[in-house]
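Asker: One structure follows; several queries about it will come next.
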Amino acid sequence: EDPTKPLAFLSAKTATENCDTMNVVLMNNPGNTRQCVALIGGQYQSYHVQRWMRRPDNGGKLDPKMPLKLTSRAWTAAGRQEFPPPKQRHVKQHQEKLLTYLTEADNIKSRLTQLLEKMNVKTVVVLTCNHGQS
7 EDPTKPLAFL SAKTATENCD TMNVVLMNNP GNTRQCVALI GGQYQSYHVQ RWMRRPDNGG
67 KLDPKMPLKL TSRAWTAAGR QEFPPPKQRH VKQHQEKLLT YLTEADNIKS RLTQLLEKMN
127 VKTVVVLTCN HGQS
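With my numbering as the guide, the letters of the sequence shown map in order to residues 7 to 140.
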């Protein structure tokens, strides 16, 4: 095989005919940067995707002179964090909602157990929905 020649273009059917399993990586290239993809095997059941960027430590746009740095997916090519940490008041609101769940969980389990005993069954499916998703 000549390494100077490009890889053959295959149909999806031909490319996957010998696959028993397949991992698919979906990605985007916002800002049309010079993006590279490295597929590295040998990791035991690892499906983690790391992102590396040539960027300053404390913000600022991409700089090709900088070394590649491990970066969260929240960094943009312009050097902004797209996912800022939540404000303290939001953290407190969510902790209060979680506390409601945690204080009621034992009571709900007890009520479900009693209901199952009355119905003479051992299994029940309980569906829940995130607040705001219903």
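The beta-carbon is built from N, C-alpha and C at its ideal position, and this holds for glycine as well.
Under three-state DSSP, which class holds residue 28?
Answerer: coil
Asker: Give a yes or no on whether the C-beta atoms belonging to residue 84 and residue 67 are separated by under 9 Å.
Answerer: yes
Asker: Between residue 98 and residue 90, what straight-line distance do the alpha-carbon atoms span, to the nearest angstrom?
Answerer: 16 Å
Asker: Give me the residue from 14, 40, 111 with the minimum Cα distance to residue 132.
Answerer: 111
Asker: What separation, rounded to the nearest whole angstrom, lies between the Cα atoms of residue 26 and residue 129?
Answerer: 35 Å
Asker: From residue 95 to residue 63, what does the alpha carbon distance come to, in whole angstroms?
Answerer: 28 Å
Asker: Counting only runs that start and end within the region 71-113, where is the beta strand (DSSP E) found for 3 or more residues in a row?
Answerer: 74-77
Asker: Please report the Cβ distance between residue 61 and residue 77, rounded to the nearest whole angstrom; I am assuming they are in contact, meaning their Cβ atoms lie under 8 Å.
Answerer: The Cβ separation is near 7 Å, so the contact holds.
Asker: Can you give me the start and stop residues for the beta strand (DSSP E) that residue 57 sits inside?
Answerer: Per DSSP, the unbroken beta strand (DSSP E) holding residue 57 starts and ends at 57-60.
Asker: Can you tell me the Cα-Cα spacing of residue 80 and residue 56, whole angstroms?
Answerer: 12 Å
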